[in-house]
Amino acid sequence: MSASSRPQRFHVNLSQACMSLGRRAPACLVVAALLPSAQGFAQATLAKVKKQGYVMCGVTGDLAGFSATDSKGQIQGIDADLCRAIAAASGVEARFKPLTATTRFTALQSGEIDVLTRNTTWSLSRDTKLGFDFVGVNYYDGQGFLVPKSLNVKSAKELDGASVCVQSGTTTELNLTEFFKVSKKKYKPVVFANFNDANKAYASGRCDAYTTDASGLAAVRAALKDPSAHVILPDIISKEPLSPATRHGDDAWTDVVRWTLNALITAEEKGVTQANAKSLVAGNDPEVKRLLGGEGTLGADMGLSPDWALKAILAVGNYGEIFERHLGAKTPLKLERGLNALWNKGGLLYSPPFN
Amino acid sequence: MKAMRSKAGFLLQFACVVFIVALVVFAGINASNNLRASGSAAGFGFLAQVAGFDIAETFPLPWFRDGTLTWVEYRSEGSYLLALATGLANTLKVAVVGIVLSSAVGVLVALVASSKDSPLHLPAQFYIRIVRNVPLLLQLLIWYVLLLRILPEVSESLRVGSSVFLNNRGLFVPGPVIDAVGVFRFESPELVFGGRNIRGGLSLSPEYVALVTGLTLYTGSFIAELVRVALAAVPSGQREAASALGLSPLQSFRHVLLPQAVRIAVPPVVSQYLNLLKNSSLAVAIGYPELVGVGGTVINQSGQAIEVVLLWMAVYLFFSLLTSWFVNGWNARTLRIQGAA
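Residue numbers (numbering that gives the first Met the number 0), protein chains in the order written: chain A, 0 to 354; chain B, 0 to 340.
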């Protein structure tokens, strides 16, 4: 490892330099891909993370509720908190790298980031062709439409002939095309590379409708001058299971990310919160004890400390706490739990058991 | 001594070439290893796959379909290659119009800025100074937002007759379009979506107009300065000699000053044309579907980043080389004529 760590470090610094180029980052990242990369050390992300003392997470940086910079300059959201949980479980600090929809995959492939926690849809081709592992869903989303109330449109089926603003480099563009093709309606896409540019164009009336994942629409709507003048249509035209992603073949690291997410979900199911987690380490429930490291060797089996999950929960709380903090009724987004409730409360969140 | 120096120079050049070749080979091996490790399939085979996404501005391109050359307009069932070709066509649509307009703007402003008596002398100077020194991306965003603010909504379109519309979706006029089977027909724009949107005929989108306006004014300011300097660089004796021969000021400008100034100005002006072509890729910020914008979507759907970036580079390089080849030829011919005279 030590003998070969030099080219790797050179590579990482170079691709970090790339990201500062913003719009030109894809071209630069391709150059970075031409250099010796982290692929050669695919098994070693966990070791690398521990050695460097931080986890580098790819995030959007501008999507409220998922990962957006707050007034104090901190990145906040459920994706950001998942990153903090992974970092806490690994015993290191969390760092964030804002990525566009276009640069995110190259950044993960090249080793620029350790894990992609950037509201990314899990799909077959991304799993196979891009060479990623998707660890599990941290938000069940679906693509919808935002329209001005003044249009008097009640359903997406009435959008025949509309101009639709959309961000490029996402599954959204493809879903949009297929939705209109299947329903035999016409539309005109106006495609922007950047989320904020698309928002501005919609706000200035360039488009009749805005399409992205429903959670994103809530964020866009909340940021408009008069949110009450806009409405999210009831139609959801796609399945968008958003999942963190790691590089294919790095199973040890993928396990850490997967089980950190599962720990947060199990914690909610078992009533383990940021406030009471410490007191439950020596409690009565055997699974909670295994989860929090009071019993068994689950942490050591993954190459982590016994209290890995406890540290993650102390850092950000359980899944329900994270959701309420960033997306729930008390936030500007005001999203319902819906599909993102626990399996025993009518939702889809279901963690495999901790044993 | 001289022989030794040239020998050292040769060795240095040789070492440079070896170094660059080694770097390219090294990078190539790494890239293919990295791609294999990440499980992605390298190569340009993906270009034949169905793209699946829509492009806002398409027009018919000459294209092979079932072995015959015909006019094909991109639809979402088209291939990635046709999608990229449409992006390239959109780039050229901007570049060609931008080059013509920026040349006109540049020459006019240069003439005004050169004559101190003109009442427009100061505004022209002002334009050259300001526009050259504000980042192009900002100018594009300003033009785009301005256009969307100024233009009315579709329901309040400015209309000429019953078939010419101007609104925040663009300028729409009747014109020839091509249908799915490659036949041209005449079409007028029509209101759709309950009169809230418009479709059909020939149209100029706000994105296109903002991009062409921004590029024209930005490049025009550079060209103006180059032409102004070129006019100033013609020795003043030439003007005096022309007037001594009895030529009128217009004749002296047309037959004596301009030909000499053009010779000075052309090479740098052409490099401005190349800049305009390359700067058109900034359109991704304002939603105009040119080569880089479309390519970005292709990268995301196919995952073939290296291939698409190589294509981008090849296309821009090709047009740059083509332009400089053309201009070099023109330049050589001009010099020959001058030499013979």
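Ideal Cβ positions, reconstructed from N, Cα and C, are used throughout, including at glycine.
Looking at B:N89, B:F185, B:R198, the one whose alpha-carbon comes closest to that of Y186 (chain A) is B:R198. Residue-level contact by beta carbon fails for F325 (chain B) and chain A, as no gap is shorter than 9 angstroms. When the alpha-carbon of L338 (chain A) is set against those of A:A67, A:F104, A:P243, A:K238, the nearest one is in A:K238. Along the stretch 117 to 137 of chain A, the positions whose C-beta sits under 9 angstroms from a C-beta of chain B are S124, R125, T127, K128, L129, G130, F131, read in chain order. Taking a cut-off of 8 angstroms for Cβ pairs, the stretch 87 to 102 of chain A and the stretch 165 to 181 of chain A touch, as three or more such pairs fall below it. Neighbourhood of S203 (chain A) in chain B, by CB distance below 7 angstroms: V144, L147, R148, in chain order. Pairing K269 (chain A) with M301 (chain A), the inter-Cα distance amounts to about 22 angstroms. Per DSSP, the continuous beta strand (DSSP E) segment holding R158 (chain B) begins and ends at 157 to 159.
In the DSSP assignment, R253 (chain B) falls outside any alpha helix (DSSP H) and carries neither an H nor an E. In this structure, the alpha-carbon of V108 (chain B) lies about 46 angstroms from that of L150 (chain A). Only those residues of the stretch 291 to 325 of chain A whose C-beta falls short of 8 angstroms from the nearest C-beta of chain B would be listed, and there are none. Looking only at A:S214, A:L123, A:C164, the smallest Cα-Cα distance to N193 (chain A) is reached by A:C164. Proximity of the stretch 309 to 321 of chain B to the stretch 140 to 154 of chain B falls short of the contact definition, fewer than three beta-carbon pairs being nearer than 8 angstroms.
Under the DSSP assignment, L203 (chain B) falls in the beta strand (DSSP E) whose first and last residues are 201 to 203.
For a Cβ distance threshold of 7 angstroms, residue set G204 of chain A lies close to E152 (chain B), ordered along the chain. L68 (chain B) is positioned such that its CB atom lies closer than 9 angstroms to that of P61 (chain B). At a cut-off of 9 angstroms between C-beta atoms, D212 (chain A) does not count as an interface residue with respect to chain B. Within the stretch 170 to 181 of chain A, the residues whose Cβ lies closer than 9 angstroms to some Cβ of chain B are T170, E172, L173, L175, T176, E177, F179, K180, listed in chain order. Interface criterion met: the Cβ of I54 (chain B) is under 9 angstroms from a Cβ in chain A.
Annotation: L121 (chain B) to A112 (chain B) spans about 7 angstroms, alpha carbon to alpha carbon. Any Cβ of chain A closer than 9 angstroms to the Cβ of V191 (chain B) would place that residue at the interface, and such an atom is present. Shown here for M55 (chain A): same chain residues with a beta carbon closer than 7 angstroms to its own, the five before and five after excluded, namely R94, K96, I112, D113 in chain order. When the five nearest sequence neighbours on each side are left out, the beta carbons in the same chain lying within less than 6 angstroms of the beta carbon of D207 (chain A) are those of A161, S162, in order along the chain.
The residue from A:L107, A:I74, A:S70, A:A79 with its alpha-carbon nearest to that of T44 (chain A) is A:L107.
Under the 9 angstroms criterion on CB atoms, V189 (chain A) is classed as interfacial with respect to chain B. Not one beta carbon of chain B lies nearer than 9 angstroms to the beta carbon of N198 (chain A). If you ignore the 5 residues before and after D234 (chain A), its C-beta comes within less than 8 angstroms of the C-beta of G143, F144, S154, A155, K156, all in its own chain and listed in chain order. Interface criterion not met: the Cβ of R158 (chain B) is under 9 angstroms from no Cβ in chain A. Note on C82 (chain A): 16 or more other CB atoms within 10 angstroms of its CB, so buried under the neighbour-count rule. Taking 9 angstroms as the CB threshold, N89 (chain B) stays off the interface with chain A. Put simply, the stretch 239 to 247 of chain A does not touch the stretch 283 to 296 of chain A. Fewer than three CB pairs are less than 8 angstroms apart. Per DSSP, the continuous alpha helix (DSSP H) segment holding Q300 (chain B) begins and ends at 290 to 301.
Judged by DSSP secondary structure, L107 (chain A) falls within the alpha helix (DSSP H) whose first and last residues are 103 to 108. The shortest C-alpha to C-alpha distance from L348 (chain A) to any of A:L332, A:G319, A:V315, A:L309 is the one to A:G319. In the structure shown, M301 (chain A) falls within a coil segment according to DSSP collapsed to helix, strand and coil. Look at the beta carbons and you see the stretch 89 to 104 of chain B touching the stretch 289 to 302 of chain B: at least three pairs across the two are nearer than 8 angstroms.
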